[in-house]
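Number of protein chains: 2
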Amino acid sequence: MIIDCHGHFTTTPPRVMEFRKRQVHALQTTGKPLDEPPPHITDDEIRSAIADNQLKGMKERGVDLTIFSPRAMGMDHHFGDEVSNVTWAVYCNNLVHRVCQMFPEHFVGVCQLPQVAGQKPGKAVIDELHRCINELGFVGVNLNPDPSGGNWSDPPLWDKDWWYPLYEQLVALDVPVMIHVSGSCNPHFNAVATHYINGDTTAFVQFMTSDLFKDFPTLKFIIPHGGGAAPFHWGRYRGMAIDMGLGDLNQRMFKNLYFDTCVYHQPGIDLLLNVIPADNVLFASETFGAVRATDPNTGRAFDDTKVYLEASKVLSDADKAKIYTHNALGVYKRLGRQLKV
Amino acid sequence: MIIDCHGHFTTTPPRVMEFRKRQVHALQTTGKPLDEPPPHITDDEIRSAIADNQLKGMKERGVDLTIFSPRAMGMDHHFGDEVSNVTWAVYCNNLVHRVCQMFPEHFVGVCQLPQVAGQKPGKAVIDELHRCINELGFVGVNLNPDPSGGNWSDPPLWDKDWWYPLYEQLVALDVPVMIHVSGSCNPHFNAVATHYINGDTTAFVQFMTSDLFKDFPTLKFIIPHGGGAAPFHWGRYRGMAIDMGLGDLNQRMFKNLYFDTCVYHQPGIDLLLNVIPADNVLFASETFGAVRATDPNTGRAFDDTKVYLEASKVLSDADKAKIYTHNALGVYKRLGRQLKV
Chain X
3 MIIDCHGHFT TTPPRVMEFR KRQVHALQTT GKPLDEPPPH ITDDEIRSAI ADNQLKGMKE
63 RGVDLTIFSP RAMGMDHHFG DEVSNVTWAV YCNNLVHRVC QMFPEHFVGV CQLPQVAGQK
123 PGKAVIDELH RCINELGFVG VNLNPDPSGG NWSDPPLWDK DWWYPLYEQL VALDVPVMIH
183 VSGSCNPHFN AVATHYINGD TTAFVQFMTS DLFKDFPTLK FIIPHGGGAA PFHWGRYRGM
243 AIDMGLGDLN QRMFKNLYFD TCVYHQPGID LLLNVIPADN VLFASETFGA VRATDPNTGR
303 AFDDTKVYLE ASKVLSDADK AKIYTHNALG VYKRLGRQLK V
Chain F
3 MIIDCHGHFT TTPPRVMEFR KRQVHALQTT GKPLDEPPPH ITDDEIRSAI ADNQLKGMKE
63 RGVDLTIFSP RAMGMDHHFG DEVSNVTWAV YCNNLVHRVC QMFPEHFVGV CQLPQVAGQK
123 PGKAVIDELH RCINELGFVG VNLNPDPSGG NWSDPPLWDK DWWYPLYEQL VALDVPVMIH
183 VSGSCNPHFN AVATHYINGD TTAFVQFMTS DLFKDFPTLK FIIPHGGGAA PFHWGRYRGM
243 AIDMGLGDLN QRMFKNLYFD TCVYHQPGID LLLNVIPADN VLFASETFGA VRATDPNTGR
303 AFDDTKVYLE ASKVLSDADK AKIYTHNALG VYKRLGRQLK V
């Protein structure tokens with residue numbers, strides 16, 4: 003079974019994002035949350051949004067199951083207050099849940115949290131987390147390390163007061179965290195080209211230089227997009243870890259940390275697989291999202307990452323089984339248990 | 003001749019940085035620039051700072067010439083007003099100039115600009131630029147794309163009003179620009195591990211998505227640290243360029259853009275050389291700076307990047323000659339002319 007650990011519901015009907023726009027506009031112009039329920043999306047709309055896109059792609063590419071979450075760019079934590087962001091997160095998570103119910107063999111849910119820029123994750127975030135895991139059967143969460151959307155103005159991931167209460171809930175629920183920023187309201191950062199990759203690198207160094215993994219030894223984090231810049235600069239980070247007295251970088255990081263394979267060319271995947279242990283890589287393609295184009299050199303979609311893995315000269319069959327299947331079942335323990343039943 | 007295009011004077015006597023600390027402290031506590039001249043550093047101090055460190059390393063590693071600039075972390079644009087930052091830049095540039103005068107066969111200068119967070123580069127920046135190029139014989143400049151030190155609160159590199167007058171001066175002087183952030187005052191970003199690499203990636207995408215190279219067709223930019231995350235995500239960026247209607251990424255970027263080889267492990271250098279044309283790679287090691295440690299796996303310093311280049315299986319002798327020598331002479335045209343005389 004081939005599990006893609008990183009898919010987003012990017013193909014929702016336009017009414018979904020239009021509602022969010024009205025929500026943000028209402029808040030910005032009136033200072034009050036929009037007094038309007040989110041639009042109903044029919045089963046047929048959801049079915050065709052998925053069947054004609056993600057599921058079609060999965061079948062063509064030989065992917066069996068996608069760990070599926072709301073559109074990352076749409077999480078939009080930097081706009082909206084708590085009431086708006088809870089309404090929005092509940093709505094987006096419910097849409098993902100309906101996909102999972104309609105196509106239970108092909109999709110399992112990961113939730114968006116109703117984070118709010120400038121506000122410590124509190125009861126509203128934890129309530130939605132519990133609802134998604136306990137009631138909807140989701141198996142993980144996306145956590146935005148920069149809910150300020152490119153201003154990086156809230157505390158870093160190692161801040162005990164700000165983040166640790168949430169981590170305690172994640173440990174209690176036994177779910178892993180994918181680090182994933184959302185949109186950018188800083189003109190320096192193109193969201194998908196810059197902010198996503200910088201967010202990954204930033205989270206990596208925060209993990210490397212803090213005691214977070216010591217304080218939460220069982221908590222698992224996935225850094226998407228191949229870990230941002232980290233594998234390319236693995237020598238830099240290994241050396242800095244030694245300079246800082248942090249010891250061997252692999253030993254320090256790889257009880258808790260995983261990188262996905264959303265790296266869209268053969269040399270990048272080759273580097274990732276050369277540098278990062280196969281036990282710590284999860285197959286993913288982030289479809290359909292960041293890049294829609296076909297590579298004119300190969301005639302294949304850039305984001306058809308399975309092609310690069312299959313062409314790897316360093317992966318053994320046992321490594322492939324880990325990356326495609328077993329690592330995901332170990333990290334997303336609730337998924338592992340669901341599939342065993 | 004082997005030219006290292008990225009070295010910093012990181013080994014100045016402690017009095018140098020102590021002066022900067024007093025400058026910043028004075029400004030923060032009194033609101034006025036420090037009324038004290040920078041400390042005199044003797045020729046002997048400079049000679050031993052270089053001979054026992056950078057020059058020793060260069061000789062051991064077989065590097066002939068280093069393109070040398072003030073300590074990047076010390077540029078410190080995020081602290082200080084214009085008066086303080088001019089005093090500081092002049093002082094730091096003069097120290098580099100004295101190194102170049104003492105060891106003219108081994109060092110050529112690149113200047114620090116007296117940028118100030120929140121302030122458009124104006125007369126003070128341009129005056130120091132002219133002084134360094136015309137009077138001190140420097141051959142290039144370091145430009146900080148985020149003088150706010152991790153807050154990213156000034157305009158991006160494509161902002162015409164903010165940056166273009168400076169670019170016009172650089173074109174007139176025929177000098178290239180190395181993009182290099184300085185320290186970070188944002189707790190999210192470790193300066194050398196995060197901010198440097200994110201700064202590189204950020205600049206890359208700003209170049210890719212803007213008309214800057216069209217507007218300044220002769221201006222050359224070097225992104226250090228192997229281009230941040232860009233080569234690792236080259237497929238992502240190629241695909242996004244197609245999605246955005248920007249055409250072929252290599253054609254778009256490589257008339258104006260160069261990456262250095264400050265990537266501290268073999269797989270990283272292999273990827274860089276696989277993905278980026280040899281015409282657009284400049285040899286560099288950033289000594290002594292980011293990483294001081296020895297790799298326990300190889301017994302070599304992480305930052306001895308020549309070892310990785312020599313071990314590359316894809317570089318021809320002609321490629322090596324470009325990366326070690328000819329590209330630098332073409333990009334740093336004033337250096338090329340100096341060496342021809």
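Sequence order for the protein chains is X and F. Numbers given in my numbering equal positions in the first sequence, counted from 1, plus 2. Numbers given in my numbering equal positions in the second sequence, counted from 1, plus 2. Each residue gets a CB set at the ideal place from its N, CA and C atoms; glycine is no exception.
Chain X contact for residue i (CB, 8 Å cutoff)
{"i": "Pro-279(F)", "result": "no"}
{"i": "Phe-256(F)", "result": "no"}
{"i": "Pro-40(F)", "result": "no"}
{"i": "Pro-149(F)", "result": "no"}
Partners in chain X for residue i, counting only beta-carbon separations shorter than 9 Å
{"i": "Val-283(F)", "result": "Here the premise fails: no neighbours, minimum Cβ distance about 14 Å."}
Residue i, DSSP secondary structure in three states
{"i": "Cys-113(X)", "result": "strand"}
{"i": "Met-180(X)", "result": "strand"}
{"i": "Pro-72(F)", "result": "strand"}
{"i": "Gly-67(X)", "result": "One point to set straight first is that residue 67(X) is Leu, not Gly, in the sequence displayed. In the structure shown, Leu-67(X) sits in a strand (DSSP, three-state: E or B)."}
{"i": "Ile-271(F)", "result": "helix"}
{"i": "Tyr-334(X)", "result": "coil"}
{"i": "Leu-414(X)", "result": "No answer is possible for residue 414(X): it lies beyond the span of chain X, which begins at 3 and ends at 343."}
{"i": "Val-293(F)", "result": "coil"}
{"i": "Ala-313(X)", "result": "helix"}
{"i": "Val-277(F)", "result": "helix"}
{"i": "Val-118(X)", "result": "strand"}
{"i": "Ala-303(F)", "result": "strand"}
{"i": "Ala-243(X)", "result": "helix"}
{"i": "Gly-59(F)", "result": "helix"}
{"i": "Glu-107(F)", "result": "coil"}
{"i": "Lys-34(X)", "result": "coil"}
{"i": "Ala-231(X)", "result": "coil"}
Extent of the continuous beta strand (DSSP E) to which residue i belongs
{"i": "Gly-9(F)", "result": "5-11"}
{"i": "Gly-185(F)", "result": "Counting along the chain, Gly-185(F) falls outside any beta strand (DSSP E), and DSSP gives it neither H nor E."}
{"i": "Phe-223(X)", "result": "223-225"}
{"i": "Tyr-260(X)", "result": "259-262"}
{"i": "Asn-96(F)", "result": "First-last for Asn-96(F): 84-104, but that is the alpha helix (DSSP H), not the beta strand (DSSP E)."}
{"i": "Val-2(F)", "result": "Because chain F is modelled from 3 through 343, residue 2(F) falls outside the range shown and cannot be assessed."}
Chain F residues whose Cβ lies nearer than 9 Å to that of residue i
{"i": "Val-265(X)", "result": "Phe-234, His-235, Gly-237 and Arg-238"}
{"i": "Arg-294(X)", "result": "Gly-241, Ile-244 and Asp-245"}
Cβ neighbour criterion (16 or more within 10 Å) applied to residue i
{"i": "Lys-324(X)", "result": "buried"}
{"i": "Asn-87(F)", "result": "buried"}
{"i": "Glu-130(X)", "result": "buried"}
{"i": "Ala-303(X)", "result": "buried"}
{"i": "Lys-222(X)", "result": "buried"}
{"i": "Gln-208(F)", "result": "buried"}
{"i": "Thr-211(F)", "result": "buried"}
{"i": "Ser-287(X)", "result": "buried"}
{"i": "Arg-238(X)", "result": "buried"}
{"i": "Thr-203(F)", "result": "buried"}
{"i": "His-42(X)", "result": "exposed"}
Min CB distance residue i to chain F below 8 Å
{"i": "Pro-158(X)", "result": "yes"}
{"i": "Ala-195(X)", "result": "yes"}
{"i": "Gly-230(X)", "result": "yes"}
{"i": "Phe-223(X)", "result": "no"}
{"i": "Thr-211(X)", "result": "yes"}
{"i": "Asp-262(X)", "result": "no"}
Beta-carbon neighbours of residue i, restricted to chain F and to distances below 8 Å
{"i": "Asp-321(X)", "result": "Those within 8 Å of Asp-321(X) in chain F number zero; the least Cβ separation is about 16 Å."}
{"i": "Asn-276(X)", "result": "Pro-269"}
{"i": "Asp-297(X)", "result": "Gly-237, Arg-240 and Gly-241"}
Beta-carbon neighbours of residue i, restricted to chain X and to distances below 7 Å
{"i": "Val-207(F)", "result": "Asn-192, Ala-195 and Thr-196"}
{"i": "Asn-200(F)", "result": "Asn-200, Thr-203 and Thr-204"}
{"i": "Phe-70(F)", "result": "In chain order: nothing, as chain X lies at least about 21 Å away."}
Within chain X, the residues that residue i reaches when beta carbons sit closer than 8 Å
{"i": "Trp-347(F)", "result": "Nothing about residue 347(F) can be reported from this structure: the residues present for chain F run from 3 to 343 only."}
{"i": "Phe-304(F)", "result": "Gly-237, Arg-238, Arg-240 and Gly-241"}
Partner residues on chain F for residue i, Cβ-Cβ distance less than 7 Å
{"i": "Asn-188(X)", "result": "Trp-154"}
8 Å Cβ cutoff, residue i in contact with chain C
{"i": "Leu-273(X)", "result": "Here chain C cannot be found, since the structure's protein chains are X and F."}
Limits of the unbroken alpha helix (DSSP H) element including residue i
{"i": "Asn-192(X)", "result": "Careful: Asn-192(X) lies outside any alpha helix (DSSP H) and carries neither H nor E."}
{"i": "Arg-49(X)", "result": "45-51"}
{"i": "Pro-167(X)", "result": "162-175"}
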